[in-house]
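What follows is a single structure, written as structure tokens, with notes after it.
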Amino acid sequence: MHKNNLSFEELNLSPLVMRALSDLKFTECSAIQAKSLPFTLRGHDVLGKAQTGTGKTAAFLIALIEDLLGTPIEEERYAGEARSLVIAPTRELAMQIAKDAENLVKHTDLKVHILVGGVDYAKQLQKLQAEHIDILVATPGRLLDFCEKRAVYLDQVEVLVIDEADRMLDMGFIPQVKRIVRMTPPSTHRQTLLFSATFSEDVLRLSEQWMHEPVTVSIEDENVAADRVKQVVYLVSSEEKFTVLGNLMREPDVENIMIFANRRDQCRDLHHKLQRRGFRVGLLSGEIAQNKRIRTLEDFRTGKLTALVATDVAGRGIHIDGISHVVNYTLPEEPEDYVHRIGRTGRAGKEGVSVSLACEDDALRLEPIQELLGRKIPCEQPPEELLKPLAR
1 MHKNNLSFEE
11 LNLSPLVMRA
21 LSDLKFTECS
31 AIQAKSLPFT
41 LRGHDVLGKA
51 QTGTGKTAAF
61 LIALIEDLLG
71 TPIEEERYAG
81 EARSLVIAPT
91 RELAMQIAKD
101 AENLVKHTDL
111 KVHILVGGVD
121 YAKQLQKLQA
131 EHIDILVATP
141 GRLLDFCEKR
151 AVYLDQVEVL
161 VIDEADRMLD
171 MGFIPQVKRI
181 VRMTPPSTHR
191 QTLLFSATFS
201 EDVLRLSEQW
211 MHEPVTVSIE
221 DENVAADRVK
231 QVVYLVSSEE
241 KFTVLGNLMR
251 EPDVENIMIF
261 ANRRDQCRDL
271 HHKLQRRGFR
281 VGLLSGEIAQ
291 NKRIRTLEDF
301 RTGKLTALVA
311 TDVAGRGIHI
321 DGISHVVNYT
331 LPEEPEDYVH
341 RIGRTGRAGK
351 EGVSVSLACE
361 DDALRLEPIQ
371 ELLGRKIPCE
381 QPPEELLKPL
391 AR
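Sequence positions in the sequence shown follow the UniProt record's numbering and run 1 to 392.
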């Protein structure tokens, strides 16, 4: 049904969408787009297995926009009635999806709305009342607020997209998502697209409840993407970790760096110590206020900050290409998180570098990670220059 080098030209998309794709310099489909679009464009439900950074956002947005353009509404529409809905687990991801949607609809008169926490409620409400809702991108909690206040109605939704379903599960959002899905038309009367980085039993159970005869598509795991990442484990004592990190950050080939630790307090402490040493470093964790997280990400994108310290939950939904190095200050407890972490680098065709700092506490976590990767990661003593005392 699909071939890997499918061009957008071959999909018979509407001229307005083609123009937007051409503005974005998109000509060839990514693997997930090539596999899913032939089905979604014909109205099938699709259950897709794909990570962030694979082009899945454009895969579902193109199908959704084509559906809306292909069935214009002639009769009167009411304020607050959404024609399509994309639910995402985090504000960062929702904002990224909305931005991508704006780029794809810019030659059409379709309106994109976003509902996320940490943003002025009144402003969001005002926009909902002023413009029809063609595409609504939302996080579960904020969407339910608006539905309960009768500012948003989901009974006319034609296309429902649930993105990163596995993270919705991790973050405890499924009860909320179930309530939202119940407000939309039955599965036989809407198109449902569900994307997840993993197909756990829970995800498959949800797809059975929410989808109608879905086609399943999946693309190579991020483990394969991890082949573009040079991985090394430095065996250090816990006292040496900070010295090795500080020296590594001053190496000439380190353009920008993401540093992961397992707990918020570790991240906070690390951020503080690095700032005191004069590094331009930002902090991303669940306890940081939303507007500050957005600003931090923007500063990292533009190069004002050269390093980010993050927890796994905060680091998951980040779309930034060109991260040269990832450091695992502590090895994660879940092997999958290792794969997600190192997947932040080595994107857009570049080779990336992942350095893990393993003391005795981390040693137990290494084995399951190597099992998941299906290979050994080189373990060595750090080079002498990384052990030099840090200049104050």
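We treat Cβ as the ideally placed atom computed from N, Cα and C, and that holds for glycine.
- Here V161 is not near G346, since their CB atoms are 7 Å or more apart.
- Looking at L144, P335, T216, V157, the one whose alpha-carbon comes closest to that of S36 is T216.
- Taken atom to atom, the span from the alpha-carbon of N328 to that of K273 is near 16 Å.
- CA-to-CA, the gap between A289 and G118 works out to about 7 Å.
- Residues of the same chain with a CB within less than 6 Å of the CB of Q231, apart from the 5 flanking positions on each side, are S354, I377 in chain order.
- Here C379 is bridged, per DSSP, to V233.
- In the structure shown, A363 adopts helical secondary structure according to DSSP, grouped into three states.
- Within its own chain, the residues whose Cβ lies closer than 6 Å to the Cβ of H212, once the five positions on either side in sequence are excluded, are D45, S187, T188, listed in chain order.
- In this structure, A261 lies away from F279, with their beta-carbon atoms at least 7 Å apart.
- Fully contained in the segment 83–149 are the following alpha helix (DSSP H) runs of length 4 or more, in chain order: 91–105, 121–130, 140–148.
- With contacts defined by Cβ atoms closer than 7 Å, A31 and I219 form a contacting pair.
- Counting along the chain, G48 sits inside the beta strand (DSSP E) bounded by residues 46–49.
- Secondary structure at H212: coil, using DSSP grouped into helix, strand and coil.
- Bounds of the beta strand (DSSP E) holding V281 are 281–284.
- R277 and G303 do not touch by the CB rule: their CB atoms are close to 19 Å apart, not below 8 Å.
- Note on geometry: alpha-carbon atoms of F199 and E208 lie some 12 Å from one another.
- Secondary structure note for G352: its beta strand (DSSP E) is the uninterrupted segment 352–358.
- Secondary structure note for V17: its alpha helix (DSSP H) is the uninterrupted segment 15–23.
- Straight across, the Cα-Cα distance linking L331 with L115 is about 34 Å.
- When C-alpha distances from M249 are compared across L305, D362, L154, the shortest belongs to L305.
- Taken through DSSP and simplified to helix, strand or coil, I294 comes out as helix.
- Within 10 angstroms of the beta-carbon of L364 lie fewer than 16 other beta-carbons, which makes it exposed.
- With a contact defined as Cβ atoms closer than 8 Å, G48 and F195 qualify at about 5 Å.
- Under the three-state reduction of DSSP, S30 is assigned to coil, being neither helix nor strand.
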